[in-house]
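First comes the structure, then the notes that go with it.
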Amino acid sequence: MEAGRPVTVARKESVMPCLRRWLIFYHESFKGTAEHVKSLLGEQGELSELEWRHFPDGFPNLAVQKEDAQRLESFYGTCLIVSFHTPAVIFEQLCLLYALPRLRARNLRVVLPWFSTGTMERVEQLGQVATAASLARMLSACPHGPTGPATVVIYDIHALQEQFYFSDAVLVELKSAVWLLRTRLEELQKEHPDEEIAIVFPDDGAQKRFKAKFKEFPQILCSKVREGDKRIVKIQEGTAEKRHCVIIDDLVQSGGTLMESATPLKQEGASKVSCFVTH
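If you count the sequence shown from 1, you need to add 157 to reach this note's numbering.
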């Protein structure tokens with residue numbers, strides 16, 4: 158090497174793709190979703206096959222594959238797709254969540270499609286427990302990894318203020334599946350240009366949650382009113398006559414509220430009634 162001549166360092170092209178690759182962990186109930194994410198990432202995504210085993214007493218017996226554990230830090234990021242659909246599977250997934258940062262997982266993103274305790278976000282009488290805050294506290298206990306705190310991604314959380322139940326130890330990223338509905342509505346408008354579509358909110362909560370996302374559509378608000386000993390759903394604002402009414406909400410359990418909301422819409426002359434819920 159001659160003095161004064163700049164040093165040229167050969168760029169290792171073979172290393173660069175690895176730096177942008179993601180290793181995907183997932184609960185067994187979300188295998189299909191994980192495979193779909195892998196297909197979207199293409200060569201940048203790789204699935205980690207973790208067996209969700211249990212000891213005879215029912216407690217989890219988990220182990221990340223040795224090969225994945227050894228090379229985990231070489232990946233640009235780690236994605237963990239979890240499902241808290243029943244209390245029976247929460248503990249085993251938290252065990253994995255807490256272990257990954259200690260294995261030096263980088264840019265950890267925890268995808269929790271449904272925040273299952275979201276409807277219990279407040280107390281109305283002394284002694285009640287806001288389990289939404291409890292679950293947020295459990296997720297907030299995730300250790301930091303080499304690149305800092307984990308990011309918890311939640312779709313259509315029931316109440317926006319629930320994001321503040323999480324501590325500063327994790328980052329919270331709120332997503333919505335409403336774009337799927339908007340895409341379908343655009344398709345319907347092209348297929349049936351003469352059909353007028355109206356967005357229906359079954360209650361005040363749904364209106365506050367989604368009103369701003371459908372400003373260009375006529376909107377209808379329903380509410381429950383008491384008539385004698387019964388509570389029935391009536392249209393509080395808007396007109397349903399000769400319109401395709403699409404009821405939207407973040408989650409459904411029995412479907413009773415959706416069915417009750419459809420009744421006054423049909424009575425007022427709606428041409429069609431559809432519904433969209435994320436969970």
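Glycine is no exception: its CB is placed at the ideal position from the N, C-alpha and C atoms.
Report all residues from its chain with a CB closer than 8 angstroms to the CB of residue i; omit the five preceding and five following residues, and keep chain order.
i	result
E278	A287, A289, A290, H315, A316, Q318, E319, Y322
Would you decide whether residue i is buried or exposed? Buried here means 16 or more other CB atoms lie within 10 Å of its CB.
i	result
I389	exposed
G234	buried
R263	buried
S231	exposed
C252	exposed
V327	buried
A363	buried
H184	buried
T340	exposed
G202	buried
V280	exposed
Closest Cβ-Cβ distance between residue i and chain D: below 8 angstroms?
i	result
A369	No chain D is part of this structure, which consists of one protein chain only.
From the options, pick the residue whose C-alpha is nearest to that of residue i; which is it?
i	options	result
D313	T190, V434, I247	V434
P306	E330, E348, Q285	E330
I404	E384, W209, F371	F371
Q410	H242, E348, C236	H242
S205	L408, R178, Q285, R341	R178
F272	G284, V310, Q282	V310
E394	F187, P217, K368	K368
Which same chain residues, not among the five before or five after residue i, have their C-beta less than 7 angstroms away from its C-beta?
i	result
T276	H315
A397	A355, I377, L422, E425, G426, A427
Between residue i and the rest of its own chain, which residues show a CB-CB distance below 6 angstroms, the 5 nearest in sequence each way excluded?
i	result
C236	W179, I181, R266
**Item:** Given 8 angstroms, three or more beta-carbon pairs between the region 290 to 301 and the region 257 to 267
**Value:** yes
**Message:** When you compare the region 373 to 383 with the region 356 to 363, are there three or more beta-carbon pairs, one atom per stretch, that lie closer than 8 angstroms?
**Reply:** yes
**Message:** Quick test of the definition: if touching needs 3 or more C-beta pairs under 8 angstroms, does the region 243 to 252 touch the region 189 to 197?
**Reply:** No, because fewer than three Cβ pairs between the region 243 to 252 and the region 189 to 197 fall closer than 8 angstroms, the two stretches do not touch.
**Request:** Could I get the ranges of all uninterrupted alpha helix (DSSP H) runs contained in the region 237 to 281, with 4 residues as the minimum, in chain order?
**Result:** Segments of the alpha helix (DSSP H) lying fully in the region 237 to 281: 247 to 259.
**Request:** Could you tell me which uninterrupted alpha helix (DSSP H) segments, each at least 4 residues in length, are contained entirely in the region 300 to 374, listed from first to last along the chain?
**Result:** Within the region 300 to 374, the complete alpha helix (DSSP H) runs of at least 4 residues are 335 to 348, 361 to 367.
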